[in-house]
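Quick mapping for you: the protein sequence lines, in order, are chains A and B. Per the numbering used here, residue 63 is the first one in the first sequence, and the count goes up by one each step. Per the numbering used here, residue 398 is the first one in the second sequence, and the count goes up by one each step.
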Amino acid sequence: MSPLSNSSDPKPESRREAANEDRAASRRFRIRKVVDRFFQILSVLSAIVVISPLLFVFVFLLSSGSSALTWDFLTQLPKPVGETGGGMANAIVGSCILVAVATLVGTPIGVLGGICVCEYGDPRLRLFIRFIADVLNGVPSIIWGIVVYSWVVLRMKTFSGLAGGLALSFIMIPLILRTTEDVIRLVPSVYREAGLALGLRRSQVILHIMLATAARGVLTGILLAAARVAGETAPLLFTAFGNRVWAAHLQEPIAALPLQIFVYAIAPYPDWHRQAWAGALVLLALVFCMSIVVRALTRQKSP
Amino acid sequence: MSESTSNAKGAVPASAEGADPQKRSAAFQIEDLHVWYGNRAVLHGISLNIPVRQVTGIIGPSGCGKSTFLRVLNRMHEFTPGVDVQGRIRLFGEDIYESRVDPILLRRRVGMVFQKSNPFPTMSIQENVLIGLRLAGIRNRGLLEERLEEALRMSALWSEVKDRLHAPGTALSGGQQQRLCIARALAIRPEVLLMDEPCSALDPIATAQIESLIRDLGQRYSIVLVTHNLQEAGRTADFTAFFLEGRLIEFGSTKKMFTNPSQKQTEDYLTGRFS
Numbered sequence: 063m064s065p066l067s068n069s070s071d072p073k074p075e076s077r078r079e080a081a082n083e084d085r086a087a088s089r090r091f092r093i094r095k096v097v098d099r100f101f102q103i104l105s106v107l108s109a110i111v112v113i114s115p116l117l118f119v120f121v122f123l124l125s126s127g128s129s130a131l132t133w134d135f136l137t138q139l140p141k142p143v144g145e146t147g148g149g150m151a152n153a154i155v156g157s158c159i160l161v162a163v164a165t166l167v168g169t170p171i172g173v174l175g176g177i178c179v180c181e182y183g184d185p186r187l188r189l190f191i192r193f194i195a196d197v198l199n200g201v202p203s204i205i206w207g208i209v210v211y212s213w214v215v216l217r218m219k220t221f222s223g224l225a226g227g228l229a230l231s232f233i234m235i236p237l238i239l240r241t242t243e244d245v246i247r248l249v250p251s252v253y254r255e256a257g258l259a260l261g262l263r264r265s266q267v268i269l270h271i272m273l274a275t276a277a278r279g280v281l282t283g284i285l286l287a288a289a290r291v292a293g294e295t296a297p298l299l300f301t302a303f304g305n306r307v308w309a310a311h312l313q314e315p316i317a318a319l320p321l322q323i324f325v326y327a328i329a330p331y332p333d334w335h336r337q338a339w340a341g342a343l344v345l346l347a348l349v350f351c352m353s354i355v356v357r358a359l360t361r362q363k364s365p
Numbered sequence: 398m399s400e401s402t403s404n405a406k407g408a409v410p411a412s413a414e415g416a417d418p419q420k421r422s423a424a425f426q427i428e429d430l431h432v433w434y435g436n437r438a439v440l441h442g443i444s445l446n447i448p449v450r451q452v453t454g455i456i457g458p459s460g461c462g463k464s465t466f467l468r469v470l471n472r473m474h475e476f477t478p479g480v481d482v483q484g485r486i487r488l489f490g491e492d493i494y495e496s497r498v499d500p501i502l503l504r505r506r507v508g509m510v511f512q513k514s515n516p517f518p519t520m521s522i523q524e525n526v527l528i529g530l531r532l533a534g535i536r537n538r539g540l541l542e543e544r545l546e547e548a549l550r551m552s553a554l555w556s557e558v559k560d561r562l563h564a565p566g567t568a569l570s571g572g573q574q575q576r577l578c579i580a581r582a583l584a585i586r587p588e589v590l591l592m593d594e595p596c597s598a599l600d601p602i603a604t605a606q607i608e609s610l611i612r613d614l615g616q617r618y619s620i621v622l623v624t625h626n627l628q629e630a631g632r633t634a635d636f637t638a639f640f641l642e643g644r645l646i647e648f649g650s651t652k653k654m655f656t657n658p659s660q661k662q663t664e665d666y667l668t669g670r671f672s
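Structure follows, in structure tokens:
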């Protein structure tokens, strides 16, 4: 020990206190390390719990559905009750049509609504619209089925692809609105200012600068919303209704994969059960493809 | 308006040194300008004339109202809620706050360059320069090409980008991006150019390039240059206005102000006695 530290700390009791302090500190340090470890393990376990159902569903679908997933399944219409074979071609195409109709109706309304929320109107109106959109996001999807049933189906006096697409679009609109708003809000305001300072009209700035800059995010939001409604069954039960043959136009009942899966799964025929599994596999593959497109779009965004 | 512009051509002498800016013909004539943010007054009765075809530097400590001053000159403050403007601002004789003046058309006459270069990220170099013209409805390809080259030459960027006009604007270096923003503002042929600390985010070499560009542009355009860098004002501005706490303390030729300021506060600021 140097004479300097000796002179600054001469009393033995204060040295003892310092040693005690050191011991307490190292004890706290050890406890913190254990707690840290504990939380690490906890979060890894949670991640496993999150991922495992997905893997489980995927493996189970593959093992149960792949045997019925034949070329016929993808290209043929359902066979009459009692006959084996046939496929779900009409339901696969029907689902695509329904999602397309929903996207066509939902995209302009959702995107324009999102623009309105972040570019126009006074702040109170914006908050109100955002709140409404959040509430709509939480509405059980079967409610949309009932709404469209009373608004459209009863009036047209028929179940239809149009009604089904409309019901799905009601689910898409608040989703698209919120993502559009979020991604436009992420565009730095310096671009808006630069556009306005160039003597561009507000609408030109929104369209050519803000929306163009956020386009990839908006597209991602639309695709995610489409993927979400592709698997919806409840709103289609009494709107699209389902159809065992091709729908000639949008004003008649149309088949959809989730509906077909539902009907086949609760039927008493083992062949139908196998086909229901295959249908679920196809539906999952469709949604999976959309997610891959979304991934590709979002990856390019942040180089 | 056109009359006063033509008068201005004859009135501007070759050298600006020592001249009184208030006696020159003005691009902007500002009389008793007050600006409030809500209840807080930001500018208290500013009166000055921005001379034609000169670089006018605005200096002053942070919060003195120099950026606000710039933004009321092209009515960009109107996008900030709660800003109230009183007084009169005339651009070549025309009151820019008169009800029949369309702020869109005003902003086409008064270009603006911002502190941080902000080329539109989705657009190529060419599209960035031409967006103002395109959206103003100009379709003639010959005219667009001519303006593209003109604007890029004036912003001293042509030789660097002429072989990659379709590259994204954000692929350029920081200084080049800022010159691209200047080209974008020049393409619509404004009469006045407002610059809000255009070099504050740039390295010394890029800063030197932009400053020399501003001096060149000052031969043809009336430029208002807000800067917190005194050396920059000294190097580039023909005239300098010193703002302090929302008041115009002194306005005169840069040379006189930097060597022999008439106000005590100006001297204190220039010699760094307060910041």
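Built from N, CA and C at the ideal position, the CB exists for glycine as well. Quick caveat, the model's predicted, so the values are computed rather than measured.
What first and last residue would you give for the beta strand (DSSP E) that runs through residue 423/B?
Segment 423-434, the beta strand (DSSP E) holding residue 423/B.
Give every residue of the same chain whose Cβ lies closer than 8 Å to the Cβ of residue 356/A, excluding the five residues on either side of it in the sequence, and list them in chain order.
Here the set comprises 282, 285, 286 and 289.
CB-CB under 7 Å to residue 658/B, same chain, minus the five flanking residues each way: which ones, in chain order?
647, 664 and 667
Closer than 6 Å by C-beta to residue 156/A: which residues in its own chain qualify, once you throw out the five before and the five after it? Chain order, please.
316, 317 and 318
When you compare the CB of residue 403/B with every CB in chain A, is at least one pair closer than 8 Å?
Note that residue 403/B scores 39 on pLDDT, short of 50, meaning its location in the model is unreliable; the coordinates nonetheless yield the value given after this. By this cut-off, residue 403/B is not an interface position.
How many whole angstroms separate the CB atoms of residue 508/B and residue 583/B, which I take to be in contact at a CB cut-off of 8 Å?
7 Å
Where the stretch 518-530 of chain B meets chain A: residues whose CB sits under 9 Å from a CB there:
518, 519, 520, 528 and 529
Check for me: the beta strand (DSSP E) holding residue 619/B runs from which residue to which?
Taken as a continuous stretch (DSSP letters only), the beta strand (DSSP E) holding residue 619/B covers 619-623.
Check each residue of the stretch 173-206 of chain A: if its Cβ is closer than 7 Å to any Cβ of chain B, include it; give the result in chain order.
none
Ordered along the chain, which non-local residues of its own chain (more than five positions away) have a Cβ less than 8 Å from that of residue 149/A?
132, 134, 135, 136, 137, 138, 139, 140 and 337
Looking at residue 594/B and residue 573/B, is the spacing between their C-beta atoms short of 8 Å?
no
Is the Cβ of residue 384/B closer than 8 Å to any Cβ of chain A?
Since the displayed chain B opens at 398 and closes at 672, residue 384/B lies outside it and no answer follows.
Evaluate residue 536/B with the Cβ neighbour count: other Cβ atoms within 10 Å of its Cβ, from every protein chain shown; 16 or more gives buried, anything less gives exposed.
exposed
With distances taken from CA atoms, which of 106/A, 360/A and 320/A is nearest residue 151/A?
Comparing alpha-carbon positions, the option among 106/A, 360/A and 320/A lying closest to residue 151/A turns out to be 320/A.
Using only the alpha-carbon positions, how far apart do residue 461/B and residue 532/B sit?
35 Å
Contacting positions in the stretch 239-269 of chain A - beta carbon closer than 7 Å to chain B:
252, 253, 255, 256, 258, 259, 260, 261, 262, 263 and 266
Name the residues in the stretch 270-292 of chain A whose C-beta lies less than 9 Å from a C-beta of chain B; which are they?
270, 271, 274, 275 and 277
Are the C-beta of residue 463/B and some C-beta of chain A separated by less than 8 Å?
No, no contact with chain A.
Could you name the residues of chain A that residue 501/B contacts, counting a contact when the two beta carbons are closer than 8 Å?
261, 262 and 263
Look at the Cβ atom of residue 440/B, then the Cβ atom of residue 449/B, and state whether they are nearer than 8 Å.
In this structure, residue 449/B does not lie closer than 8 Å to residue 440/B by Cβ.
Please classify residue 95/A as buried or exposed, where buried requires at least 16 neighbouring CB atoms within 10 angstroms.
exposed
With contact counted as at least three CB pairs below 8 Å, one residue from each stretch, are the stretch 152-171 of chain A and the stretch 289-304 of chain A in contact?
yes
Which two residues bound the contiguous beta strand (DSSP E) that contains residue 445/B?
437-448
Can you pull the chain A residues whose beta carbon is under 7 Å from the beta carbon of residue 551/B, in chain order?
Chain A residues near residue 551/B: none, gap ~16 Å exceeds 7 Å.
For residue 556/B, report the span of its alpha helix (DSSP H) as first-last.
Looking at the DSSP string, the run of the alpha helix (DSSP H) that includes residue 556/B is 555-558.
Strand pairing of residue 638/B, partner residues [DSSP]
455/B and 648/B
Inter-residue spacing [alpha-carbon to alpha-carbon] between residue 186/A and residue 589/B
38 Å
What does a CB cutoff of less than 8 Å around residue 314/A pick up in its chain, not counting 5 residues either side in sequence?
220, 221, 222, 223 and 305
Let me know the secondary structure DSSP gives residue 483/B once reduced to three states.
strand
Three-state secondary structure (DSSP) at residue 328/A?
coil
Would you say residue 339/A and residue 126/A are within 8 Å of each other, going by their C-beta atoms?
Contact flag set, yes.
Close-in-space but distant-in-sequence residues of the same chain around residue 93/A (CB under 6 Å, 5 per side omitted):
none
Three-way DSSP call (helix, strand, coil) for residue 303/A in this model:
strand
For residue 593/B, the first and last residue of its enclosing beta strand (DSSP E):
589-593
Taking the C-alpha atoms as reference points, what is the distance between residue 110/A and residue 122/A?
Roughly 17 Å between the two C-alpha positions.
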